[in-house]
Structure formats: structure tokens, C-alpha cells
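Let me begin by presenting the structure, written as C-alpha cells, before commenting on it.
Number of protein chains: 2
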Amino acid sequence: MAKNKKQVKAITSMSEDFAQWYTDICLKAELVDYASVKGFMILRPYGYAIWENMTNILDGMFKKTGHQNVAMPVLIPESLLKKEGELVEGFAPEAAWVTMGGSDKLEERMAIRPTSETMFCDHWAHTLHSWRELPMLYNQWCSVVRWEKSTRPFLRSREFWWQEGHTIHETAAEAEAETEQQLNCYADFCRDALAMPVLKGRKTDKEKFAGAEATYTIEAMMKDGKALQSGTSHYFGDKFSRAYDVTFTGRDNTLQYPYQTSWGASTRLIGAVIMTHGDDNGLVLPPAVAPIQVVVIPVAQHKEGVLDAAYALEQRIKALGLRVKTDDSDQSNGWKYAEYEMKGVPLRVEIGPKDMEKNQCVIARRDTGEKYFVPLEQLEEKVQALLVEVHDNLYESAKQRLEENTFAFTKVEDVKAAMEKHTCFAKTMWCGDEACEIAMKELAGVSSRCIPFEQENLGEVCPVCGKPAKKMVVWGVAY
Amino acid sequence: MAKNKKQVKAITSMSEDFAQWYTDICLKAELVDYASVKGFMILRPYGYAIWENMTNILDGMFKKTGHQNVAMPVLIPESLLKKEGELVEGFAPEAAWVTMGGSDKLEERMAIRPTSETMFCDHWAHTLHSWRELPMLYNQWCSVVRWEKSTRPFLRSREFWWQEGHTIHETAAEAEAETEQQLNCYADFCRDALAMPVLKGRKTDKEKFAGAEATYTIEAMMKDGKALQSGTSHYFGDKFSRAYDVTFTGRDNTLQYPYQTSWGASTRLIGAVIMTHGDDNGLVLPPAVAPIQVVVIPVAQHKEGVLDAAYALEQRIKALGLRVKTDDSDQSNGWKYAEYEMKGVPLRVEIGPKDMEKNQCVIARRDTGEKYFVPLEQLEEKVQALLVEVHDNLYESAKQRLEENTFAFTKVEDVKAAMEKHTCFAKTMWCGDEACEIAMKELAGVSSRCIPFEQENLGEVCPVCGKPAKKMVVWGVAY
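So the protein lines, in turn, are chains F and V.
Counting in our numbering, the first sequence runs from 1 upward without gaps.
Counting in our numbering, the second sequence runs from 1001 upward without gaps.
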């Protein structure tokens, strides 16, 4: 179909159908395209640019704490994957297997990496010698493949892009500190770059990473009240070191096993941003990761001097080190406004003949819709201040929503009733038994999201079995 | 074996065994490690850091000319790969095939991408609508898999890291201009970042990319006289557009096929740097891509004030925006000097008690071995000037070697004799027949590297068949 002029895009409203609203944004903000390969996704330029901004910030944070990037092979021989029993049980059922190389059948099949603990251990097994070389603080940016049954863009996909940090340390205490440091790194990143508050805690044994001694998580609340696990950090003790025979000569000249961690965050964070800040007009991006932070729209651009005035504003904003674009295309203003709202651009600067007469421009905020008439000499100051305000407002709104939708309960039936009314985070005490965790799922439809670091005493007993409570757990409905 | 103190590393000399010298550097400069997967490589932190510097520079160049990054799926269904006949013939024999997803046999096997023209075409087939959306200037950073029979680190590996640019344009002329622009981009990058002169030209039909209408190449000469293809840029016409049904509504409202290009450069460039600048003491890195541009060595560091003096120099060099490191480990000076020579660090700054008395430091160049006594107040000036000199000297030396080892011939037996004496680049005229190209391989052991853009008239006839010559070709022995 010939389609020269673009149409203003409509999306399903959030309240009508949250899942369809989400998919509409993914496609209409041009973040992703479905690939010909079922369950796989294509990151289009706009979606990739958001990911690129995220990776640049995270990579800088990792490097500041001494981490180094490496690249490991994409394929893992089955025998190598099998050396650690729990890991292979967790990942083999969803691995994609390469069985042919060219026209030859391989002697041993190989998995496309679902995660790379095995490769890092194998590498360390023949490169680590002395305690002097520890810690080894490695990170890898790559994609991984997991053969999921049902998929959704960013949230669950057969391929996704991520970073996987892998470190080994001389002592257990150092490895535990690394695990905690990296979880905090993710939480800080979510707060400062994504304007997204998270709940920090430890996963129950049932929910932890296959093969880990402990898994720590950050959990965020989406606008529909559901929980999104947004980053995890694992402590392995010396379990993998022993399984893969990674050893070093210690300070006392004896052969020892190093202690290990891994931690990962992925393109899932783009899904988190959509469902934390988006609205019925489309995406709403926090300024730190927005590919375009400010869009300049020349109004009545055919009039003399308007385009030049717009370009001049663009140059001044660019000089602040911001990502700015002027849309001088022949689309209508209405189309342009809708387009950059759909794409979640934090600020829109308009300038037309009337503004020029008054030596001003108009700045519109994506988050609140507020408009400001700004004298041109105050442009830089106002743009910078507004970007900070947008970030802070997004964060505060999300924080308020998280707090207003987190409730404490002492009875299972109250959890059930609350969830039936509106999906939320439910805090209860817990005895620590997996049986009660399973019962919560059956009785109230919730899974444990984490055992928060910040514990509260909500009572003395487990609401399921009535036995003495050990910890407070946050329950929810997970993506 | 307990090994607390590191030993000074010895490598094979270049003149004794060039191939072994190359492998020694790859391993002893800690660029790569062999993986448990035959034919695959691991990029260790130092090797990856070089690649990261290369990618940052190239990515900046691509973005300046309007290219946008995207991410395509790692798997390509066989039916999709088969739509363009020449491409599948070229790549299917060396594809790695996924046949199982989890425990299920796939209905159709999928190749791990050997190159992604097919995926880009498939994506464009359902996203491109109008001439207004053209050109689409895309790039992808990823790894690709090709099941090579024999492998060498960086040069030929079953997996390698690269970027693949893919663009579509409204007209053939625009696509051709893009092909040329990107080839020039690679050549400029090699000159300005890698200090490596290259020969620009067009590949013969025999040597061109499977499915391309024309392939352009940059060819560099390694220290053993062999040729390394260091980047290629392809023009496809509308061949793939037609095969994959990529269409758009043109300015005249008719349905048209866009014209397409692709272009790639890879971790092979690290191999190029090793064999262009390296010597018997190890790697020699051009400053622009060196992970450490300046290393500071405190001499007699146990003496009072020495470490602080070294850190002060480090801070001053860091303030210039340079990548600098102080080695304050307890290794000997001899070990440190050898280690950073092996790693190709362009400048070494030494400071000890005697230098402090004289208010000076010593700067040693990796490329020439020259040492300079530098008054401390001239540190910034001298470091910056020397880094430029190192780059220029590396480039000029490589250029001189290229020129001194490129010869013009009018007889096949002269080419053969020259090659038997020392591998070089041989320029001859050529009639354009593939039969003569094949004969050159059989008679003189050389393959055509390219038809240089800068043509010379070396005679009227083809040295093989004696028929009228059409073009001048450069022949060589390729990696």
C-alpha cells in the first residue's frame, strides 16, 4: 500500500488492556520488530539506542569498580555445561543445540550460551595461578539464547541482550561483598538512570539461580501492580570452582579454590521503563537514557527565519552536551507532537513566528504535559532544570505508586482478596518452608519476590502454617 | 605448579618463525586464550580493550555519517538463508546449524549468523514503505560463526567479533557512493587509528563476496610481506531486494526496489596491528587503540617519596585525557619493562630518587627504544608530542615497507622469482579473464588482492595470455 504521509499512531489504552498497550508501545514507538524466527526480536534503531545509553552508563559504573570486559565463545560443549549438576538441570531444557558444523555432524552437540558461568570457569581453570592475580573481575556484553515457550518483547524472548559479570575472589567475604556491591550498582542505576525505585532482597531457595548459593534481586513494580525482576546478583561460594577445578596457590603456598559471583541485567530493563513510566500517549523516557532528550519543532516552518531559529536552539542545546534533534520534516505539527510523545522524548521545544517576535520559545514536558513560555536567553538554564525535574517527578511518582500498592498482611485470605481487587506487593511473615511458599501460590496466586534486606516485624507466625516466622517476604505476581 | 612471582616472558623471534612469533604474542601479551571449543577464541581483558578502543572510534565515525545501530537475531532459518542463491552457496557449507530447541527437534534448522544480509532484508521487507524513509543506514556490532577448517587467533576463527553495516537507498548512485564512503572510512581509520597504510581497490569477480555485484577492499601488508584483507565494502544493486521482496513506494508512486550495500571490519584488525607493528620484544600498539598509552614505573619504589612522585605523574597524564597506569607491584624493574614492552605500551615513564633530585623523569618509546630525560614541568608537552611521533613513525615505517615491497612486473616468471625470494605485492597488468587469475595462482603462487583504484599503465598485455590488458592488478599471498 502506498503510504507517503505518516499517520498519527493510536494505541490501546492502558486501563482497557495493559498487555496490548505494552505491545502497542513496543511496536509503535519503533523499539522492536518481530523477526521471522519465532520468539526472537529485532532491536530497531530507537530501541537499540535506549539499550546503548543503558549499557554506556552501566559499563562506566562497572569499570569504576575495576571490572574488565572480555568476550567468551557463543557455544558451550554439552560436557562442559554438564560439569555442574544444578546449572545444567536449570538451563539444558531450554538450550538451543548446535549439532552440525557445515556439513559434518558434530561429535558432541553444543549449546548456544544461555549464561556463561561454565565458560568463565573453564578459562580460569587454565589461566589462574596465584592469589596475586585475584580478584578477577570480568564482564561480558552479549546476547544469550533460552528456548522459552511463550515470549514477549523485552520481557521474555528466546534471545535477549545483557551483560553478565563473572568474578572470582580469594575469600568468601570478598565474593559476598562483590555480590552486594553489584546489586547496589543495579539499584543505583535504576534510581539514577531509569528513575525507577526497586526493592532489594534475597531470593528464596525456590526462586534462586540454578547452582547459586544465594541470589539477590532488585524487584520493581510495574503500572499494573505486577513485579519485574530487574537485575540479579549471585554468590556461588566455591561450588563451581570445585566442579571446574579452578585453583590457585594461596598466600600460604597451598592450592585453594576461589569464591565466585555472577550478576546480570538485560534488555528487560527496557520493558521495565515502558511499564514504569509509559502512558496512553506512548513511551515516557527518563532523560538519562532517552535517545532524544529534547526535540525542537519549528512551528510554521515555511515562514521566514523559523527554521534558522529552530536550528539555533538545537545548537545551543547540543552545546550543553544533550541529545537533541530538530524535526524539520514536512509532517504536520500535530503528527510531530504525537510522534515524539509516542517516543517518550522528555522535552519538546517549539518556536514559531509569534515566539520569535516575543524573543521566547515554548517548552512542553512529556511527563506532566505542562507548557512553559521561556525567554530565549534562559533556554539553557530552563532545559537543564526541567530535565532534572522530569527525572525527579518520574522517580517520585513511581515511588509513591510502589508504596501505595505495597500492603502488610497476616492472613493468606487477605492476600488473596487484595490481589483479586488489584495486583500489588504483599508483605507477610514466613516460616522459611518451601511448602508454605508453594501454598501461597496455590491459595493466593502469588510467588515470593524476595526477602527484603529491610525487614519488618509483622507478627510472630507464618500466615500459612502458623509456625514461628523467620523472615518477612514480599509476594507478588511476576512477569 | 606454585608460581607466585611472574617470569619475564620470552617469545620466538620473528625472523626465525613468523607464525610462531605471532601466536606467541597473542598468548603472551594476554590478548586471547584458546577455548575448550575447537577453533574458537576467548578475548581476554587486554585483547578486548584493544577491540573496545577500535569499536569506539569506528562507531563514532559511523554515527557521524548518520548510521544507526540495531540488533538482529543470532539465528537464521534455512529457508530465509536460501532465498538468495549465491549467498547460501557461499556461506551454507560453513554454517553452524541449530537443530534442537530444548528437547524438541526443530521443524526447520537454523544457522548461527555467518553474516546478516538475509535478516536485514527480511526486516526491511515488512517495515519499509516509502522513499521518505530512505536511506536506512544500519549497523550491527556482534559476533558471527563460520565453521572454518583451520583457525588462527584473530585471522581465521570459527567465531569472530565484527560490525556489519547494512544500508538501503533510493538510487543505485547513492548506494554506490555509500559503498565508497565506507571503504574510505575503513582506510582512514587504519591510517589514523592503527597507523597502518592500506591499498584500496576492487576485488575481482573470483574474490568478491558471495552475492555482491561489486566488493571493494582495503589490503594491508604484514611484516612477512603477506597481504591481510582488513575491511570490505559491498554493493549489491537490487539483487537482494528482489530476492527478499523489499519494496517502497517511490516519488512517482510506483513500487520500487531499493539498492543495497553492506560493509564489515572485524577483530582481524587486531591481527593486522600485531603483524604491522610488532617486533621481537612483543606487541607495539599505535597510541589511539592502546589500552594503556603510558605506563609509569617507580624506580626504587621503596625509597621515600618515589611512589607519590609516580602517582603525581600518573595524575598529570590522566588529566590530559590519556589512558595511564602506574605499576606499583613488587615485581622487578626488569620484569616490568619486559611486560609493558610485550604489551606494546607506547610510552614508559620512569621516575626514581635520582630523577627526583634533578626534577626530571625518563620517557622511553616502545617503537624506537629511544629514551628522553624530561624536566618535570615539560611532562605534559613531551608526552603528547611523543605520542604523535610514535604514531607517525609507525605509520611511516609501515608505509615505507609497503612501498619497498611492492614491485611491478611484466612476466609471470618474474612474479614467481620475486615471491620465492621474499613474499611481496606484485603489480601486473591483466586481461580480466578468470582463467589468467587462476593461472597466476598455479604459476606464481599468488592470488589477486585487488584492482587498485590508483591504476598505472605497466604495459599493453596480460602477462599470462598476452591478450590486451584491461586493468592493473596487485597480487600477493593472502592470510
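Just so it is clear, CB atoms sit at the ideal spot from N, CA and C, and this is done for glycine as well.
Straight-line gap, residue 432 (chain F) to residue 96 (chain F) (C-alpha atoms, nearest Å): 35 angstroms
Contact between the region 361-381 of chain F and the region 412-425 of chain F (3+ Cβ pairs under 8 angstroms): no
Alpha-carbon spacing of residue 271 (chain F) relative to residue 1245 (chain V), whole angstroms: 32 angstroms
Three CB pairs or more closer than 8 angstroms across the region 1232-1247 of chain V and the region 1137-1154 of chain V: no
Closer than 7 angstroms at the beta carbon, the chain F residues around residue 1094 (chain V): 102
Rounded C-alpha distance that separates residue 166 (chain F) from residue 68 (chain F): 10 angstroms
Residue range of the alpha helix (DSSP H) that includes residue 1188 (chain V): 1172-1192
Contiguous beta strand (DSSP E) assignments of at least 3 residues, all confined to the region 1225-1297 of chain V: 1227-1237 and 1259-1266
Residue environment, residue 470 (chain F), which counts as buried when at least 16 other CB atoms sit within 10 Å: exposed
Chain F contact for residue 1123 (chain V) (CB, 8 angstroms cutoff): yes
6 angstroms CB neighbourhood of residue 1209 (chain V) in its chain, flanking five on each side removed: 1215 and 1234
Candidates F:387, F:219 and F:302, of which the one nearest residue 425 (chain F) by Cα: F:219
Proximal chain F residues relative to residue 1068 (chain V), where beta-carbon distance stays under 8 angstroms: 45, 48 and 49
Distance between residue 1303 (chain V) and residue 1371 (chain V) (C-alpha atoms, nearest Å): 23 angstroms
Proximity of residue 1039 (chain V) and residue 1157 (chain V) at Cβ, strictly below 8 angstroms: yes
Where residue 1359 (chain V) sits in the DSSP three-state scheme: coil
Nearest residue (CA-CA) to residue 1315 (chain V), options V:1455, V:1230, V:1349 and V:1122: V:1349
Bridge partners - residue 326 (chain F), DSSP secondary structure assignment: F:296
Cut-off 7 angstroms between Cβ atoms - residues of its own chain near residue 249 (chain F), not counting five sequence neighbours on either side: 129, 130, 131 and 255
Residue from V:1050, V:1369, V:1199 and V:1037 whose Cα sits closest to the Cα of residue 120 (chain F): V:1037
Where residue 1178 (chain V) meets chain F, residues with beta-carbon distance less than 9 angstroms: Here the premise fails: no neighbours, minimum Cβ distance about 17 angstroms.
CB of residue 344 (chain F) within 8 angstroms of CB of residue 111 (chain F), strictly: no
Residue 77 (chain F) - containing beta strand (DSSP E), residue span: 75-77
From F:395, F:389, F:447 and F:118, residue whose alpha carbon lies closest to that of residue 416 (chain F): F:447
Residue of V:1477, V:1453 and V:1472 minimising C-alpha distance to residue 1442 (chain V): V:1477
Test: residue 383 (chain F) CB closer than 8 angstroms to a CB of chain V: no
Beta-carbon proximity of residue 1049 (chain V) to residue 1291 (chain V), cut-off 8 angstroms: yes
DSSP-derived helix/strand/coil call for residue 199 (chain F): strand
Distance between beta carbons of residue 146 (chain F) and residue 94 (chain F), contact taken as under 8 angstroms: 5 angstroms
Cβ contact check for the region 261-279 of chain F and the region 159-179 of chain F: 3 or more pairs under 8 angstroms: yes
Sub-8 angstroms separation of residue 1464 (chain V) and residue 1412 (chain V) beta-carbons: yes
Presumed contact (8 angstroms Cβ cut-off) between residue 289 (chain F) and residue 228 (chain F), rounded CB distance: At roughly 16 angstroms, the Cβ-Cβ gap does not stay under 8 angstroms, so residue 289 (chain F) and residue 228 (chain F) are not in contact.
Proximal residues to residue 459 (chain F) (C-beta, below 7 angstroms), its chain only, five neighbours per side dropped: 410, 429 and 469
Residue 98 (chain F), buried or exposed, once every other Cβ within 10 Å from all chains shown has been counted against 16: buried
Sheet register partners of residue 1156 (chain V) (DSSP bridge): V:1152
Segment limits, alpha helix (DSSP H) that includes residue 26 (chain F): 18-28
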